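**Student:** Note that my numbering has the sequence shown beginning at 120, numbered continuously upward. Ideal placement from N, C-alpha and C gives every residue a C-beta, glycine not left out. If you're wondering where the values come from, they're calculated on a predicted model, not measured in any experiment. Supplied in structure tokens, the structure appears directly below.
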Amino acid sequence: MTCPRIAGGDVPVLSQTPFPSGGDDPEIIVDTAPPLILSARRRVKASLVLLCVWMVVIVLHVVPVTRWAVTGLAASMVVYAGRLTIAAPVTPPATLEFSGASTEGSPIPSDLTNFASLQPAPTLEVPRVSLMIPAKNESLVISHLLSSLQALDYPADRFEVWAIDDASTDGTADVLQRWKQQFPQLHVYRRQDGASGGKSGALNEVLPLTSGEIVGILDADATVPVDFLRRSLAVFQEKPEVAALQLRKAIANSDENFWTRNQMAEMALDSYFQQQRRAIGGLGELRGNGQLVRRSVLENINGWNEATITDDLDLTFRLHLFGQDVAFLSTPAVREEGVVRWANLWPQRTRWAEGGYQRYLDYWPGILKNRLGSAKTFDLAVFFLIQYLLPIAAVPDFLMAVRYSHTFVLWPLSLIMVSFSSISMARGLYRTHNMKGLELLRTTAVGTAYMLHWIPVMILTTAKMCVRAKQLKWVKTLHVGAQGSGA
Numbered sequence: 120m121t122c123p124r125i126a127g128g129d130v131p132v133l134s135q136t137p138f139p140s141g142g143d144d145p146e147i148i149v150d151t152a153p154p155l156i157l158s159a160r161r162r163v164k165a166s167l168v169l170l171c172v173w174m175v176v177i178v179l180h181v182v183p184v185t186r187w188a189v190t191g192l193a194a195s196m197v198v199y200a201g202r203l204t205i206a207a208p209v210t211p212p213a214t215l216e217f218s219g220a221s222t223e224g225s226p227i228p229s230d231l232t233n234f235a236s237l238q239p240a241p242t243l244e245v246p247r248v249s250l251m252i253p254a255k256n257e258s259l260v261i262s263h264l265l266s267s268l269q270a271l272d273y274p275a276d277r278f279e280v281w282a283i284d285d286a287s288t289d290g291t292a293d294v295l296q297r298w299k300q301q302f303p304q305l306h307v308y309r310r311q312d313g314a315s316g317g318k319s320g321a322l323n324e325v326l327p328l329t330s331g332e333i334v335g336i337l338d339a340d341a342t343v344p345v346d347f348l349r350r351s352l353a354v355f356q357e358k359p360e361v362a363a364l365q366l367r368k369a370i371a372n373s374d375e376n377f378w379t380r381n382q383m384a385e386m387a388l389d390s391y392f393q394q395q396r397r398a399i400g401g402l403g404e405l406r407g408n409g410q411l412v413r414r415s416v417l418e419n420i421n422g423w424n425e426a427t428i429t430d431d432l433d434l435t436f437r438l439h440l441f442g443q444d445v446a447f448l449s450t451p452a453v454r455e456e457g458v459v460r461w462a463n464l465w466p467q468r469t470r471w472a473e474g475g476y477q478r479y480l481d482y483w484p485g486i487l488k489n490r491l492g493s494a495k496t497f498d499l500a501v502f503f504l505i506q507y508l509l510p511i512a513a514v515p516d517f518l519m520a521v522r523y524s525h526t527f528v529l530w531p532l533s534l535i536m537v538s539f540s541s542i543s544m545a546r547g548l549y550r551t552h553n554m555k556g557l558e559l560l561r562t563t564a565v566g567t568a569y570m571l572h573w574i575p576v577m578i579l580t581t582a583k584m585c586v587r588a589k590q591l592k593w594v595k596t597l598h599v600g601a602q603g604s605g606a
């Protein structure tokens with residue numbers, strides 16, 4: 120077969136054969152219906168869930184005896200929160216060592232070609248890694264990432280980098296072509312204008328061209344430390360049962376303004392939850408940027424789902440439903456650019472809310488049949504309640520409280536949710552940033568207040584999901600090249 124060349128790239132265009140987006144299990148397979156039908160199904164499911172939530176809250180208000188159910192649920196959450204808090208985090212494995220490799224904290228050699236001659240210990244197999252960078256109009260930030268990847272202290276013949284230019288119009292292609300001249304491991308693939316599938320489609324399109332046993336995904340605004348691969352791949356070497364790994368995300372420009380400082384606190388909270396949930400047998404979750412997956416597992420589940428707006432969250436559920444495990448590492452952290460304006464933060468959070476909620480609507484049969492196992496199912500139920508159901512229930516609870524002039528019936532759950540999140544944020548900030556004293560108290564208090572934005576985000580997103588079809592297209596956060604000194 121003769122393949123035409125892509126302008127600005129170095130890889131032939133392959134025939135656009137659809138890459139399947141589901142496994143063979145009928146309870147887990149991704150819905151491949153046409154977009155309009157798929158969207159209609161999700162609208163019906165979202166509407167039914169919303170109706171059920173309203174009915175339950177109304178019953179709790181008009182039949183006082185039923186409020187004992189809230190008390191019982193609150194008690195279960197307290198037990199869960201206590202267990203999560205006292206659990207000891209999983210100890211990370213030792214970093215992979217190569218003769219001649221720099222150790223943690225040592226300076227990067229000025230001659231980067233030294234890394235090409237790194238040799239592993241005689242008995243150690245060095246995994247081949249393919250790092251994929253989906254990029255659409257990322258000319259302001261992608262050079263920072265490529266510079267950090269060029270400095271990796273990993274054998275040069277054991278990793279490759281694939282920059283996927285999704286028909287950018289801002290000069291991204293020119294930046295990538297300049298980098299190709301100085302970065303031998305870099306391959307550039309330019310998608311055709313109008314290609315479908317969004318980010319998932321871009322990843323599926325390039326996956327067959329890669330050769331790595333481990334496939335990593337990095338956002339274009341990321342930067343990684345020199346030992347990124349040696350630390351990450353140690354997890355796969357030590358734990359064969361691990362199918363995927365998520366690294367902690369840190370905010371590079373956390374000292375810029377109110378929004379970035381609180382995103383730093385939010386990432387500390389997420390890191391703490393990830394570590395503690397894993398410690399008690401709960402779910403590890405993928406966050407898109409800084410994730411690595413075994414190639415064999417990706418091929419078994421047929422790649423990324425192109426019918427979702429959050430490829431990472433969807434992949435998390437599919438991996439767990441297929442009996443796979445997702446690990447988490449707090450060190451090293453992948454630094455990324457925090458959103459600097461509320462106008463850009465709001466659409467990002469509504470996308471996260473819709474994509475996260477959408478996966479429950481898509482995969483509920485397997486979840487209800489306990490395909491995850493009891494520990495993961497209970498863990499998932501608690502976070503589904505905290506992240507999705509309680510914000511949705513806030514509206515009918517408020518309206519009924521006003522109607523009958525009495526207190527909110529869900530206040531015990533809401534109090535536990537806020538307290539649990541606040542304590543966890545403080546522990547996360549101490550663990551990842553070594554914050555103490557007044558700085559820790561102040562950052563936690565402001566960060567907890569900031570996190571309440573999730574309530575209106577979830578309320579409005581749910582209402583929108585019930586009435587409006589979602590366009591499945593590439594949706595990206597605006598990056599402006601802010602690479603500060605924060606973390």
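Measuring CA to CA, which of L352, L557, L405 is closest to E332?
**Tutor:** As a position in the sequence shown, residue 332 is number 213, starting the count at 1. Measuring from the Cα of E332, the nearest candidate turns out to be L352.
**Student:** Suppose you measure from the CA of V260 to the CA of P253; what does that come to, to the nearest Å?
**Tutor:** What you label residue 260 is simply residue 141 of the sequence shown in a count that begins at 1. What you label residue 253 is simply residue 134 of the sequence shown in a count that begins at 1. Cα to Cα, V260 sits roughly 12 Å from P253.
**Student:** For G335, which of helix, strand or coil comes out of DSSP?
**Tutor:** In the sequence shown, counting from the first residue as 1, residue 335 sits at position 216. If DSSP states are grouped into helix, strand and coil, G335 belongs with the strands.
**Student:** Give the secondary structure of K368 by DSSP, where H, G and I count as helix, E and B as strand, and everything else as coil.
**Tutor:** As a first step, residue 368 must be located in the sequence shown, where it is residue number 249. Reduced to three states, the DSSP call for K368 is strand.
**Student:** Cα-Cα, which of H525, L560, V416, T427 is closest to S315?
**Tutor:** Within the sequence shown, numbered from 1, the residue matching residue 315 stands at position 196. Taking only the C-alpha atoms, the option nearest S315 is T427.
**Student:** Please report how far the alpha carbon of Q394 lies from the alpha carbon of L448, in whole angstroms.
**Tutor:** Taking the sequence shown and counting its residues from 1, the one referred to as residue 394 is at position 275. Taking the sequence shown and counting its residues from 1, the one referred to as residue 448 is at position 329. Spanning the two alpha carbons is a distance of roughly 8 Å.
**Student:** By Cβ distance below 8 Å, which residues in the same chain neighbour A188 in space, the five residues on each side in sequence not counted?
**Tutor:** Within the sequence shown, residue 188 is the residue found at index 69, counting from 1. These residues qualify, in order along the chain: L179.
**Student:** Would Y569 and N381 qualify as a contact pair, given that the criterion is a beta-carbon distance under 7 Å?
**Tutor:** As a working mapping, residue 569 is identified with position 450 in the sequence shown. As a working mapping, residue 381 is identified with position 262 in the sequence shown. Yes; because the gap between Cβ atoms is below 7 Å, this pair is in contact.
**Student:** Taking the beta carbon of H306 as the centre, do at least 16 other beta carbons fall within 10 Å, making it buried, or is it exposed?
**Tutor:** Position 187 of the sequence shown, counted from the first residue, corresponds to residue 306. It is buried - the Cβ of H306 has at least 16 other Cβ atoms within 10 Å.
**Student:** Please return the same chain residues whose Cβ sits closer than 6 Å to the Cβ of S166, not counting the five positions on each side in sequence.
**Tutor:** Position 47 of the sequence shown, counted from the first residue, corresponds to residue 166. Within the same chain, S166 has close Cβ partners C585.
**Student:** Nearest-angstrom Cα distance between A371 and E455?
**Tutor:** By one-based count along the sequence shown, residue 371 stands at place 252. By one-based count along the sequence shown, residue 455 stands at place 336. Going by the C-alpha atoms only, they are around 5 Å apart.
**Student:** Near K555, what residues of its chain come up, given a Cβ to Cβ distance below 8 Å and the 5 sequence neighbours on each side ignored?
**Tutor:** Here residue 555 corresponds to residue number 436 of the sequence shown, with the count starting at 1. Within the same chain, K555 has close Cβ partners Y549.
**Student:** Determine, using beta carbons only, whether G403 and V445 come nearer to each other than 7 Å.
**Tutor:** Within the sequence shown, residue 403 is the residue found at index 284, counting from 1. Within the sequence shown, residue 445 is the residue found at index 326, counting from 1. Result yes, Cβ atoms of G403 and V445 sit closer than 7 Å.
**Student:** Buried or exposed: T435, going by 16 or more other Cβ atoms within 10 Å of its Cβ?
**Tutor:** By one-based count along the sequence shown, residue 435 stands at place 316. Buried: at least 16 other Cβ atoms inside 10 Å.
**Student:** Tell me, please, which residues DSSP counts as bridged to T342.
**Tutor:** Stepping through the sequence shown from its first residue, residue 342 is reached at position 223. According to DSSP, which records beta bridges pairwise, T342 is partnered with R454.
**Student:** Rounded to whole angstroms, how far is the Cβ of A387 from the Cβ of H552, which I believe are closer than 8 Å?
**Tutor:** In the sequence shown, residue 387 corresponds to position 268, counting from 1. In the sequence shown, residue 552 corresponds to position 433, counting from 1. The Cβ separation is near 6 Å, so the contact holds.
**Student:** Spatial neighbours of F517 within its chain, please: CB distance less than 8 Å, with the 5 preceding and 5 following residues excluded, ordered by chain position.
**Tutor:** Taking the sequence shown and counting its residues from 1, one reaches residue 517 at position 398. Excluding sequence neighbours, F517 sits near F527.
**Student:** Between M577 and the rest of its own chain, which residues show a CB-CB distance below 7 Å, the 5 nearest in sequence each way excluded?
**Tutor:** As a working note, residue 577 is residue 458 in the sequence shown. So the qualifying residues of the chain are A472, Y507, P510, I511.
**Student:** Do you know offhand how far E360's Cα is from Q443's?
**Tutor:** The sequence position of residue 360 within the sequence shown is 241, counting from 1. The sequence position of residue 443 within the sequence shown is 324, counting from 1. Cα to Cα, the separation comes out at about 7 Å.
**Student:** Once DSSP output is grouped into helix, strand and coil, what is the label at F302?
**Tutor:** In the sequence shown, residue 302 corresponds to position 183, counting from 1. F302: coil per DSSP, three-state reduction.
**Student:** If you measure from the CB of L504, is any heavy atom of the ligand FMN nearer than 6 Å?
**Tutor:** Of the ligands one can find in the structure shown there are none, so the ligand FMN has no counterpart to examine.
**Student:** Within the continuous beta strand (DSSP E) that includes I399, where are the two ends?
**Tutor:** Taking the sequence shown and counting its residues from 1, one reaches residue 399 at position 280. Looking at the DSSP string, I399 is not in any beta strand (DSSP E), and its letter there is neither H nor E.
**Student:** If I follow the unbroken alpha helix (DSSP H) through L348, where does it start and stop?
**Tutor:** On the sequence shown, position 229 is the one that residue 348 refers to. That run of the alpha helix (DSSP H) goes 347-357.
**Student:** Pull up the distance between the alpha-carbon of V354 and that of F217, whole angstroms please.
**Tutor:** In the sequence shown, residue 354 corresponds to position 235, counting from 1. In the sequence shown, residue 217 corresponds to position 98, counting from 1. Cα-Cα distance, rounded: 16 Å.
**Student:** Could you tell me which residues DSSP pairs with I283 in its beta bridges?
**Tutor:** In the sequence shown, the residue the question calls residue 283 occupies position 164. I283 is bridged to P253, Y308.
**Student:** Among the candidates Q477, A213, L326, R561, whose CA atom is the shortest distance from the CA of S541?
**Tutor:** Mapped onto the sequence shown, residue 541 falls at position 422. Selected option, being the one with the closest Cα: R561.
**Student:** Where do the N-terminal and C-terminal ends of the beta strand (DSSP E) with V514 fall, by residue?
**Tutor:** As a working mapping, residue 514 is identified with position 395 in the sequence shown. That residue, V514, is in no beta strand (DSSP E); its alpha helix (DSSP H) goes 509-523.
**Student:** Based on DSSP bridge pairs, tell me the residues matched to D444.
**Tutor:** The residue you call residue 444 lines up with position 325 of the sequence shown. In the DSSP output, where bridge partners are listed per residue, D444 has V361.
**Student:** So what does V248 bridge to, in DSSP terms?
**Tutor:** Position 129 of the sequence shown holds residue 248. DSSP lists F278, I333 as partners of V248.
**Student:** In chain order, what residues of the same chain lie with their CB nearer than 6 Å to the CB of R587, ignoring the 5 residues before and after it?
**Tutor:** Within the sequence shown, the letter at position 468 stands for residue 587. None.
**Student:** What are the start and end residues of the alpha helix (DSSP H) that includes L417?
**Tutor:** Taking the first residue of the sequence shown as position 1, residue 417 is located at position 298. From DSSP, the alpha helix (DSSP H) with L417 extends over 414-419.
**Student:** Would you check if the distance between the CB atom of A321 and the CB atom of I283 is smaller than 7 Å?
**Tutor:** Working through the sequence shown from its first residue, we reach residue 321 at position 202. Working through the sequence shown from its first residue, we reach residue 283 at position 164. Cβ atoms of A321 and I283: closer than 7 Å.
**Student:** By Cβ distance, which residues of its chain are closer than 7 Å to R406, with the 5 residues on each side in sequence left out?
**Tutor:** Translated into positions along the sequence shown, residue 406 becomes position 287. Result list for R406: Q365, K368, D431, in chain order.
**Student:** Run through DSSP, which three-state label would I227 get?
**Tutor:** Mapped onto the sequence shown, residue 227 falls at position 108. Here the model assigns I227 a pLDDT of 36, short of 50, so the residue's position is not dependable, and the following value carries that caveat. Coil.
**Student:** Using alpha carbons as the reference points, say which of L557, L295, L464, L348 lies closest to A270.
**Tutor:** On the sequence shown, position 151 is the one that residue 270 refers to. Ranking the options by Cα distance to A270, first place goes to L348.
**Student:** Just the Cα atoms here: how many angstroms apart are K583 and L170?
**Tutor:** As a position in the sequence shown, residue 583 is number 464, starting the count at 1. As a position in the sequence shown, residue 170 is number 51, starting the count at 1. Spanning the two alpha carbons is a distance of roughly 14 Å.
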